[in-house]
Structure formats: structure tokens, C-alpha cells
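Inspection log for the structure reproduced underneath, given as C-alpha cells.
Structure below.
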């Protein structure tokens, strides 16, 4: 593991209106799967070679959560989503970047801008590569969802020793009837059950942030206690 840079950044909060956030960043080259897991278990997220977590002094709304795979039960609604996906094929591979990826990513974010008021910024190949392709080493993957030969969803994940870290998912809104966001998580859980992975690391749950409310539906889940450093033990409860 080669730590290239470490810094703090203060900016507008990504999750709650009228708040500022302080984020701790680590830029790591050639990060091992074990080192990645050590950070994820302590509340960090990974985008490319960038590992980060919020460390706001007066706010603790960002709660790291992980799904308890062994005790997760698929509801009737979940089984309907899985059954409906019989026309969809899936490819698991290390992350790539194509013109189709970029067009789908842009289409999804324009849709979310109209539907949920997300800020829209056209992405560039460099930005996409640095966020979702770079730094995958031997543990980063993309799950590609196809309807016939058409790419309709991309799920970025890390497959670690004890679980899956869910990084980012985007999809074609023309295929929203397939409930692709839910489908992608159900498929992660199916994979984890099959390969004896105990956890799905879902990142942050923030009460009051509509875009993150869905995470509380995937029960049972555990919450990380505090913000342990890499040199401290961690406790999920």
C-alpha cells in the first residue's frame, strides 16, 4: 500500500441542506484487499484510489451501516423483483469504461436531477475513470445488467474477504419498471449468501436524506460505533 496523499476538505454537506461537512481523504496507490477492508470496516468509502469518510466535529448523522447477510430474508416483494428480472442477463468483471458507460451515467443523472433535484454535472472520461475504474486492484468489480444486448445498469462493488462493499449503482430510467436499484442489492445479497460473505457494506445512512432512506429497509443491519482510526479496534452493533 502506498499512501500518496492525505488531507481534510471542508465543503457543503452532500446529504443535508444548510450544513457544512468535513471529509478525511486518503489517496492510496496499490491498496491491498486487506487494507481496503480495514478501512471499510472503519467507515471509509472508496472511489477510485480515494478513500474517504466524514469527520464533522458537531454532527454524527452519517451512520455507516452493513446488512447482516446470514439473517436477511427475502420478502415476497423482493422475490417478485428477482422473478421479474428473468429477462435480464448479468456480467461480473473488473471495472471498465466505454462510451456506453458514459452515456448511461449521464442519462441516469439527468433523470435524477429531474426526479429528485440532484445537482447535475456532465461527467468526463477522466472523472469517471478516476472515480470508478482506477484503483480496483484485485477486489474491485462492476456488475453489468443487460436487457438483450443493451446495457441498462452498472453496479460498482468491492468483493472483500468478509463481504461486499457497495460503491455506486446507476441505471437506464427507461427500465425503471424492473426496480433495478433494488434488484442490484438483492443480487449482491444472493452472491454474498452463495459465497459465504457475511456483510453488505452499504455506506452511510443519514436520517432526513431522502436519497439514502432506502438503506434502512434492508434489515437486519448493524451500525458502526464512532469513527475508529486504522490503529483502533472497531465495533458494529
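Residue numbers (the working numbering): 1125 to 1361. Just so you know, even glycine gets a beta-carbon here, dropped at the ideal spot from N, CA and C. Just so we're clear, the structure is a prediction, and the values are computed from it rather than from any experiment.
For residue i, which residues from the same chain have a beta carbon less than 8 Å from its beta carbon, with the 5 sequence-adjacent residues on both sides left out?
i, result
"residue 1179", "1132, 1146, 1147, 1148, 1351"
"residue 1215", "1267, 1268, 1270"
"residue 1181", "1146"
Tell me whether residue i is buried or exposed, calling it buried when 16 or more other Cβ atoms sit within 10 Å of its Cβ.
i, result
"residue 1308", "buried"
"residue 1272", "exposed"
"residue 1331", "exposed"
"residue 1127", "exposed"
"residue 1290", "buried"
"residue 1166", "buried"
"residue 1098", "Examination of residue 1098 is not possible in this model, given that the chain is present from 1125 through 1361 alone."
"residue 1219", "buried"
"residue 1345", "buried"
Taking the alpha-carbon positions, what's the residue i to residue j distance?
i, j, result
"residue 1263", "residue 1278", "16 Å"
"residue 1298", "residue 1228", "11 Å"
"residue 1222", "residue 1293", "16 Å"
"residue 1283", "residue 1259", "13 Å"
"residue 1202", "residue 1257", "30 Å"
"residue 1249", "residue 1226", "7 Å"
"residue 1134", "residue 1200", "43 Å"
"residue 1252", "residue 1188", "24 Å"
"residue 1224", "residue 1280", "15 Å"
"residue 1156", "residue 1213", "30 Å"
"residue 1195", "residue 1234", "37 Å"
By the DSSP assignment, the beta strand (DSSP E) with residue i in it spans what residues?
i, result
"residue 1262", "Run containing residue 1262: none; DSSP gives neither H nor E here."
"residue 1179", "Looking at the DSSP string, residue 1179 is not in any beta strand (DSSP E), and its letter there is neither H nor E."
"residue 1130", "1126-1136"
"residue 1167", "No beta strand (DSSP E) contains residue 1167, which DSSP labels as neither H nor E."
"residue 1275", "1274-1283"
"residue 1362", "The structure shown does not extend to residue 1362, since the chain is modelled only from 1125 through 1361, so no value can be given for it."
"residue 1149", "1144-1153"
Might you give, ordered along the chain, the residues of its own chain that have their beta carbon closer than 7 Å to the beta carbon of residue i, omitting 5 neighbours on each side?
i, result
"residue 1255", "1171, 1172"
"residue 1160", "1170, 1263, 1282, 1284"
"residue 1211", "1271"
"residue 1140", "1185, 1330, 1332, 1333"
To which residues of the same chain is residue i closer than 6 Å at the C-beta, ignoring the five residues directly before and after it?
i, result
"residue 1163", "1175"
"residue 1357", "none"
Counting along the chain, where does the alpha helix (DSSP H) carrying residue i start and finish?
i, result
"residue 1325", "Careful: residue 1325 lies outside any alpha helix (DSSP H), inside the beta strand (DSSP E) at 1323-1329."
"residue 1205", "1200-1208"
"residue 1216", "Element bounds for residue 1216: not the alpha helix (DSSP H) but the beta strand (DSSP E), 1212-1217."
Hey, is residue i's beta-carbon within less than 7 Å of any beta-carbon in chain B?
i, result
"residue 1180", "Considering every chain present, this structure includes no chain B. It has just one protein chain."
How do the stretch 1300-1315 and the stretch 1193-1210 stand: do at least 3 beta-carbon pairs fall below 8 Å, yes or no? Pairwise C-beta distances place the stretch 1300-1315 in contact with the stretch 1193-1210, as three or more of them are shorter than 8 Å.
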